[in-house]
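Working notes, structure below.
2 protein chains.
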Amino acid sequence: MATLTERRQRKRRVTLLDLAEDLGLSTSTVSRAFDKDAVIAPATRDAILKRASELGYAPNPMARSLITKSTGIVGIFVTDITNPFYPEVLTKLTAGLQSIDLKVMLTVADSSEDADDQLRLLLSYQPDVVLVLAAVLSSEAIEACRNAGTPVVFFNRRPADARALGVTCDNVGGGILVADHLIDLGHSKLAFVAGRADTSTNIDRWEGFSSRCVERGIPSPRKFDAGSFSYDGGYRAAHVLMNDQQPPEAIFCANDILAIGLMDCLRREYGIAIPGDISVVGFDGISMASWPSHALTTVRQPVEKMCTFTIDVVRKLCQGKALKPRIERIPGELIERETTTRGVKA
Amino acid sequence: MATLTERRQRKRRVTLLDLAEDLGLSTSTVSRAFDKDAVIAPATRDAILKRASELGYAPNPMARSLITKSTGIVGIFVTDITNPFYPEVLTKLTAGLQSIDLKVMLTVADSSEDADDQLRLLLSYQPDVVLVLAAVLSSEAIEACRNAGTPVVFFNRRPADARALGVTCDNVGGGILVADHLIDLGHSKLAFVAGRADTSTNIDRWEGFSSRCVERGIPSPRKFDAGSFSYDGGYRAAHVLMNDQQPPEAIFCANDILAIGLMDCLRREYGIAIPGDISVVGFDGISMASWPSHALTTVRQPVEKMCTFTIDVVRKLCQGKALKPRIERIPGELIERETTTRGVKA
DNA sequence: CTGAAAGCGCTTACAG
DNA sequence: CTGAAAGCGCTTACAG
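Structure below.
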């Protein structure tokens, strides 16, 4: 804690009282000038706002929040941000939240044990809403939010807790899209490369993919575990896949970065032609997937829509509206590029 | 603004007063239990802390900040986060700041006009320090920080303002490393691909690179402008470079992602062998550069050290220490991989 | 439409 | 070592 003398060095800010005295008005009136819904004479408001900007006055959100019980802060909770899908999402979400006058408090947790502590710390700052991105929250953690009265919104994760709100791509539907695409191409020996097994994205994409294969009378795809949604995971998975009995004709990777790692290994270390020898499909639609050197066929997540929807949910929640628990699933779109092609049998 | 009824729905949190009454103590004493430097009987503190955790009480940082004039918030200000260098840095910085009980408020600005407004909004939350990452701040913006009494620390940018604090890689030194490497390899027809011309990283890397070439009696490198630090920028730069009179023997790209875009274009669209026909060097040391498919020779920024140093500076600043304006330049390291090799003349 | 007064949840001299 | 009191910068019933 800074000593008094040290603190004094920080310049004193202009306060509401300073402004009121300067204008010869009460603090009540001045305060009302900054609330668009308040009853105040337009001329008075104009004069106050004018003088405020001259003096460089802006209301102190901390003081305000003490009374309104609303901080205008939304906590964004993240664990794994190394997946290139997230920087884009984080930027969009933050920018969108800013545009409706909300501020983002970012929390990163490296492990699940750490996650609970970090969440508690975040909660102490009384965010109006907590947005969970790329993270798995324990049920105690969710309970802590409930106790604090802070609504939680899950992004790109289907919450285990049925009473929570969530926004995701239609991952099951996306898996179906991939199965259809691959089967239509004439492939029948399919494989799936899984990322983190405990994530809903992974589970749902597999679910859609494998169930569709069964529906269409194709043998159930073999499943390989990469262990994480990462380049290295994909690279390693390629090895175990090639050491397997008989390589598949087509591989659906649970996300793009996995697919890119897998393809690099397949091409470099096994001389596999993609497509030709093996077709590969990813999921996410990150910009890297569109680069000429990858030209990856993938399911593009409707990031724009997902963010817009999320921001709208957050806005309502911040206004104190009680929203019914639900998961919004927005359909993705199959983008056919150059890593899939007609199979040998066709 | 939420109506009263709506707001009432949020659960009332346990306050310091609740805890004090529960324990039959004064608020002063209870308050002291949460300040490690306060004078209080150990037994009293223990009892308070124990009951606090039972009741789920945590001090309200907003209320506290009103008195202490210190929020424990550090604002991180970012514009361009699409460069894969930043997600890693942002994660490290945030995690490090969390570990010393500081919270991160994230601000993204899409344009420079927007930047000033967003900074003002950020400042209204009274962050103890503002950390500027991947952004160019106007001098008015910096002035606004000074007026608010909020110290600013620049990360990976050398501030124009001489009174500011900054932490960067030794970019001039890095440029020299690259020049030496390429010249030692026997190359003499060199080129530089610039990212954003107005960034200090770009300027300094060029400065080191070009001045070293002159020193060693090599013709001054040709300079190509990619316009941004991006894959697309690198890809486009490759085109203009190849349409130029005579292609260079070696190319130094102002950062890794530029180099990767450039190489993809060179290989795919011109059938250029790298190395062999042309050597390429990047800057940053992002993980993508180490992938087998790129194996890019690059200057690795000492991210770990840069972050540690930055966090330490922020910590001191939060404690109210007045630090002398200075820019800490930490040397980078040349990582030789597979995109550079002995030139034709050697 | 405006103002006086109370109070949000804390911390900190000051007195004991 | 502890407590009573003032106050941080605001907002909001309530009264006029």
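Protein chains in written order, with this note's numbering: chain U, 939 to 1284; chain F, 939 to 1284.
Yeah, the Cβ is synthetic: ideal placement off N, Cα and C, and Gly gets one too.
- Between the alpha carbons of isoleucine 978 of chain F and alanine 996 of chain U lies a distance of about 38 Å.
- Cysteine 1203 of chain F has a beta carbon lying within less than 9 Å of a beta carbon in chain U.
- Residue pairing from DSSP places arginine 1238 of chain F in a beta bridge opposite F/Asp1222, F/Glu1271.
- If you look at arginine 1058 of chain U, you'll find it in the alpha helix (DSSP H) that goes 1050 to 1062.
- Annotated as proximal: isoleucine 1019 of chain U and alanine 1072 of chain U, with beta-carbon spacing under 9 Å.
- Around the beta-carbon of serine 991 of chain F, fewer than 16 other beta-carbon atoms lie within 10 Å, marking it exposed.
- Look at lysine 1262 of chain F: its C-beta is not under 9 Å from any C-beta on chain U.
- For the pair valine 1252 of chain F and leucine 1035 of chain F, the CB atoms are nearer than the 9 Å cut-off.
- By the C-beta density criterion, lysine 988 of chain U is exposed, having fewer than 16 other C-beta atoms within 10 angstroms.
- In the displayed model, isoleucine 1189 of chain U falls within a strand according to three-state DSSP.
- Rounded to the nearest angstrom, the Cβ distance from glycine 1220 of chain U to threonine 1236 of chain U is 4 Å, consistent with a contact under 8 Å.
- In this structure, valine 1091 of chain U keeps its C-beta atom at 9 Å or more from the C-beta atom of valine 1116 of chain U.
- Per the coordinates, the alpha-carbon of isoleucine 1195 of chain U lies some 19 Å from the alpha-carbon of aspartate 1170 of chain F.
- Proximity of glutamine 1036 of chain F to chain U, defined by a Cβ-Cβ separation below 9 Å, is satisfied.
- Sequence-distant partners of valine 1046 of chain F (beyond 5 residues in either direction) whose C-beta falls short of 6 Å from its own C-beta, in its chain, are Val1016.
- For serine 1217 of chain U, the secondary structure class from DSSP, reduced to helix, strand or coil, is strand.
- Taking a contact to require three or more Cβ pairs closer than 8 Å, the stretch 1022 to 1036 of chain F and the stretch 1229 to 1247 of chain F qualify as touching.
- Cysteine 1107 of chain U is positioned such that its CB atom lies no closer than 9 Å to that of arginine 970 of chain U.
- The straight-line gap separating the alpha-carbon atoms of isoleucine 1011 of chain F and lysine 1254 of chain U is approximately 26 Å.
- Contact check for aspartate 1136 of chain F and serine 1231 of chain U: beta-carbon distance about 29 Å, past the 8 Å limit, so the pair fails to qualify.
- Between the stretch 1113 to 1130 of chain F and the stretch 1141 to 1152 of chain F there are three or more inter-stretch CB-CB distances shorter than 8 Å, so the stretches are counted as touching.
- In the three-state DSSP reduction, arginine 1160 of chain U falls in the strand class (E or B).
- Cα atoms of phenylalanine 1190 of chain U and arginine 1160 of chain U: separation of roughly 10 Å, rounded to the nearest angstrom.
- DSSP places glycine 1104 of chain F inside the beta strand (DSSP E), whose first and last residues are 1103 to 1107.
- CA-to-CA, the gap between glycine 1223 of chain U and histidine 1177 of chain F works out to about 26 Å.
- Beta-carbon to beta-carbon, glycine 1214 of chain U and proline 1240 of chain U are separated by about 31 Å, too far to satisfy the 8 Å threshold.
- Around the beta carbon of aspartate 1055 of chain F, fewer than 16 other beta carbons sit within 10 angstroms, so the residue counts as exposed.
- Interface with chain U (9 Å Cβ-Cβ cutoff): arginine 1101 of chain F is excluded.
- In the three-state scheme derived from DSSP, where H, G and I count as helix and E and B as strand, valine 977 of chain F is classed as coil.
- Flagged as an interface residue toward chain U: arginine 1058 of chain F, by a C-beta distance shorter than 9 Å.
- Using a CB distance cut-off of 9 Å, glycine 1087 of chain F counts as an interface residue toward chain U.
- For alanine 1100 of chain U, the closest of U/Gly962, U/Ile1265, U/Thr1279 by C-alpha to C-alpha distance is U/Ile1265.
- The beta-carbon separation of alanine 1102 of chain U and proline 1263 of chain U, rounded to 6 Å, stays under the 8 Å limit for a contact.
- Using a CB distance cut-off of 9 Å, glutamine 1239 of chain F does not count as an interface residue toward chain U.
- Within the stretch 1111 to 1140 of chain F, complete alpha helix (DSSP H) segments of at least 4 residues are not found at all.
- Considering only beta carbons, the part of the stretch 980 to 995 of chain U lying closer than 8 Å to chain F consists of Gly994, in chain order.
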